[in-house]
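Sequential numbering of the sequence shown, starting at 1, is according to full-length UniProt numbering. Beta carbons are placed, not taken as given, at the ideal position from N, Cα and C, and that holds for glycine. Reviewing the structure listed below.
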Amino acid sequence: MADAAHVETHGFQTEVKQLLQLMIHSLYSNKEIFLRELVSNAADAADKLRFKALSDNSLYEDNGDLRVRISANKEAGTVTISDNGIGMTRDEVLQNLGTIAKSGTAEFFSKLSGDQAKDSQLIGQFGVGFYSAFIVADKVTVRTRAAGHKADEAVEWISEGEGEYTVADIEKADRGTEIILHLRDDEKEFLDDWRLRSIVNKYSDHISIPVEMYKEAEPERDGPDGEKIPEQPAHWETVNKATALWNRDKSEISDEEYKEFYKHVSHDFGDPLSWSHNKVEGKTEYTSLLYIPSKAPFDLWNREQNHGLKLYVQRVFIMDDAEQFMPTYLRFVKGVLDSSDLPLNVSREILQDNRITQAIRQGCTKRVLTMLERMARNDADKYQSFWNEFGNVIKEGPAEDFANKEKVAGLLRFASTHEDSDAQTVSLDDYIGRMKDGQDKIYYVTADSYLAAKNSPHLEIFRKKGIEVLLMYDRIDEWLMSHLNEYQEKSFQSITKGDLDLGDLDDEDTKKAQEEAEKQVEGIEKRVKDVLGERVKEVKLSHRLTDSPACVVADEHGMSTQMVKLMQAAGQPVPEVAYHFELNPEHELVKTLSDIQDEERFKAFTEVLFDQASLTEQGSLKDPAQYVQKVNQLLMTLLK
1 MADAAHVETH GFQTEVKQLL QLMIHSLYSN KEIFLRELVS NAADAADKLR
51 FKALSDNSLY EDNGDLRVRI SANKEAGTVT ISDNGIGMTR DEVLQNLGTI
101 AKSGTAEFFS KLSGDQAKDS QLIGQFGVGF YSAFIVADKV TVRTRAAGHK
151 ADEAVEWISE GEGEYTVADI EKADRGTEII LHLRDDEKEF LDDWRLRSIV
201 NKYSDHISIP VEMYKEAEPE RDGPDGEKIP EQPAHWETVN KATALWNRDK
251 SEISDEEYKE FYKHVSHDFG DPLSWSHNKV EGKTEYTSLL YIPSKAPFDL
301 WNREQNHGLK LYVQRVFIMD DAEQFMPTYL RFVKGVLDSS DLPLNVSREI
351 LQDNRITQAI RQGCTKRVLT MLERMARNDA DKYQSFWNEF GNVIKEGPAE
401 DFANKEKVAG LLRFASTHED SDAQTVSLDD YIGRMKDGQD KIYYVTADSY
451 LAAKNSPHLE IFRKKGIEVL LMYDRIDEWL MSHLNEYQEK SFQSITKGDL
501 DLGDLDDEDT KKAQEEAEKQ VEGIEKRVKD VLGERVKEVK LSHRLTDSPA
551 CVVADEHGMS TQMVKLMQAA GQPVPEVAYH FELNPEHELV KTLSDIQDEE
601 RFKAFTEVLF DQASLTEQGS LKDPAQYVQK VNQLLMTLLK
């Protein structure tokens, strides 16, 4: 019993209170997952002890047989899950059982909608671990002692899942953690041994640590063939396979087992979208089991968040989140890596520049990309589901992974003028397959939104000639295209930058008509340049427009308006950029402007025309009030 003088009462972190209430209500229909989560945590504790004991064998305390045990007490109405793993100190109890340490917690709660089905899915992506105990229990007691600590340095934690919990010093003879669930009155089904065994078989069969349940003594009895079956004393019986799933032959593993193992390593409630299980032999030997989730985690865009694979060396757990084996743009991949070549005392620092690490990283990256290529080729709907969740992360690939740039580019999807939809379904291979005879470039436009891209005046000549253009409107797209120069020997061309040369796509009749139109407005470029001065780099006539009178265009290798906005949003200093101002000589407004002899009137119309083109391209003006004033002045002259 705890000494009352050492009992402390603490309040739960606000987010924990919210999570407890949501779990009790949103996860009620899937309540049996509490056992999966607690057994998974217990197995992790055993793995961590095994790793620490590599450098300090005394932590085993003369008992190296690691296991998890589950027992039910029908009279007391309790289920107990215990392990002889690493255990916790008092500080670790306060840190792990009273708070949620995950970054992005506030963002997670902001996404909760109150819809139980949707919230349940999101909570699964967030991970609930220990707190899942309160789905079935109205009181939870935790008794734990850290390996290597004295018996009187153990800790007892008790809570009813409301606003607070107590922590007390106790004595505990053996190391590890014991969790006692005081079941709610309507959850007594979990006192049944068969029910508990079936849950372990369903969710935890793959765990490499033995999961044991107490088996009562059985008297001597007759067997089916008349032979005598001797008396069986009471004993702890292993109820799971207790063999590392990734070390079993693929032909022996069912899809359900693969799915449940995914939930164990990821703490996700949903099934994975796909997986790949491989044993590599040769210069470098390792086994990998890699999963692609169905849903993106809530903190996907936090590049600093821990990610990576569970690393084992010769079946000994080494670390969670070994990010060295997967590039950052594939940070959503979950799974296990078991190496035969790395040393058992390997650290994150040693992994960073290790030759074996690099070889395994290359192999795992190639495996994931191949998995995605097959999915895209064989199941377009499934791949589209993947792209909708993780597409923007894949777009980081061409900049990060030069060796696989072409492979990653083949996985990209975009909207385009070929489809009247903002859905990103068009691959670069699709685009190339529809290219016009004589077309040697992949044309694209970047903008703030789908509508801004779809209605860009730069598209006008392309629509007229039936040339497909990729519509890019995600914030990352401009940055992506600065690292993606070509695909399948076809170069990319932004239709908002540089001179537009459609080469063989322009016929002779069109070129003659353009020359005639230019003669009608001869000299307008210099007059407009005199008005705009240093605000523009150059004024010239252009035939990239059909319906609009003018547009602003960046240099071929200069900074586009989208890149300027991207840098400004990131708080980066941006130099003043002067763009080219292009006029459409075939447009009636430009022809009318060319005929104006009154220089003040010419200046007023030029200023408004330039502001309109800048507004269309950039989405905003530095001084919108001044623009409105200019327009009003022109309206007044027209109304007189």
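With a cutoff of 7 angstroms on beta-carbon distance, Arg-434 and Glu-468 are scored as near each other. Taking 7 angstroms as the cut-off, the beta carbon of Val-531 is found no closer than this to the beta carbon of Ser-594.
With respect to Lys-464, Thr-546 sits close: the two C-beta atoms are nearer than 7 angstroms. Assignment of beta strand (DSSP E) within the region 232 to 261, counting only whole runs of 3 or more residues, yields 235 to 238 in chain order. The count of Cβ pairs closer than 8 angstroms, one atom from the region 324 to 331 and one from the region 395 to 405, reaches three, so the stretches are in contact.
By the neighbour-count criterion, in which 16 or more other beta carbons inside 10 Å mark a residue as buried, Asn-485 falls on the exposed side.
Taking a cut-off of 8 angstroms for Cβ pairs, the region 283 to 299 and the region 337 to 346 touch, as three or more such pairs fall below it.
Per DSSP, Val-577 lies in no beta strand (DSSP E) and is assigned neither H nor E.
A direct Cα-to-Cα measurement between Thr-238 and Arg-195 gives close to 15 angstroms.
In its chain, beyond the 5 residues on either side, Ala-151 have a beta carbon closer than 8 angstroms to the beta carbon of Ala-173.
Counting C-beta atoms within 10 angstroms of its own C-beta, Glu-160 has fewer than 16 neighbours from the protein chains shown and is therefore classed as exposed. Sorting Lys-139, Leu-470, His-10 and Lys-529 by C-alpha distance to the C-alpha of Gln-493 places Leu-470 at the top. It is roughly 16 angstroms from the alpha-carbon of Val-336 to the alpha-carbon of Phe-51. By the criterion of a C-beta distance shorter than 6 angstroms, Val-333 is surrounded in its chain by Leu-290, Met-326 and Val-368, once the five residues flanking it on both sides are discounted. Between Glu-260 and His-206 a beta carbon distance of about 6 angstroms is seen, short of the 8 angstroms cut, so the two are scored as contacting. Rounded to whole angstroms, the separation of the alpha carbons of Thr-89 and His-235 is 31 angstroms.
Here Asn-278 carries a strand assignment [DSSP, helix/strand/coil]. In this structure Arg-374 is exposed. Its beta-carbon is surrounded by fewer than 16 other beta-carbon atoms within 10 angstroms. Between Ile-179 and Leu-20 the beta-carbon gap is near 16 angstroms, outside 8 angstroms, which marks them as no contact. Boundaries for Ala-151: no alpha helix (DSSP H) harbours it, and the DSSP string shows neither H nor E there. In the DSSP assignment, Arg-475 falls outside any beta strand (DSSP E), carrying neither H nor E. Between the alpha carbons of Tyr-473 and Gln-384 lies a distance of about 18 angstroms.
Thr-9 and Gly-85 do not touch by the CB rule: their CB atoms are close to 27 angstroms apart, not below 8 angstroms. For Thr-80, the enclosing beta strand (DSSP E) begins and ends at 78 to 83.
Per the C-alpha coordinates, the member of Gly-163, Asn-388 and Leu-451 positioned closest to Val-426 is Asn-388.
In this structure, His-483 and Lys-540 do not form a Cβ contact; the two beta carbons are roughly 29 angstroms apart against a cut-off of 8 angstroms.
Your pair Leu-245 and Glu-257 checks out as a contact, with CB atoms roughly 6 angstroms apart and the cut at 8 angstroms. Considered as a whole, the region 422 to 500 harbours 441 to 446, 470 to 472 and 490 to 494 as its complete beta strand (DSSP E) runs of no fewer than 3 residues, in chain order. In the three-state scheme derived from DSSP, where H, G and I count as helix and E and B as strand, Trp-194 is classed as helix. The region 326 to 373 is shown to contain whole alpha helix (DSSP H) runs of 4 or more residues at 348 to 352, in chain order.
Thr-546 carries a coil assignment under DSSP once its states are collapsed to helix, strand and coil.
Going by DSSP, Ser-385 is part of no beta strand (DSSP E) but of the alpha helix (DSSP H) stretching over 380 to 394. If you look at Lys-630, you'll find it in the alpha helix (DSSP H) that goes 624 to 639.
Arg-601 sits exposed, since fewer than 16 C-beta atoms from the chains shown fall within 10 Å of its C-beta. If you ignore the 5 residues before and after Leu-500, its C-beta comes within less than 8 angstroms of the C-beta of Ile-461, Ser-542, His-543 and Arg-544, all in its own chain and listed in chain order.
In the three-state reduction of the DSSP assignment, Ile-86 falls in the coil class.
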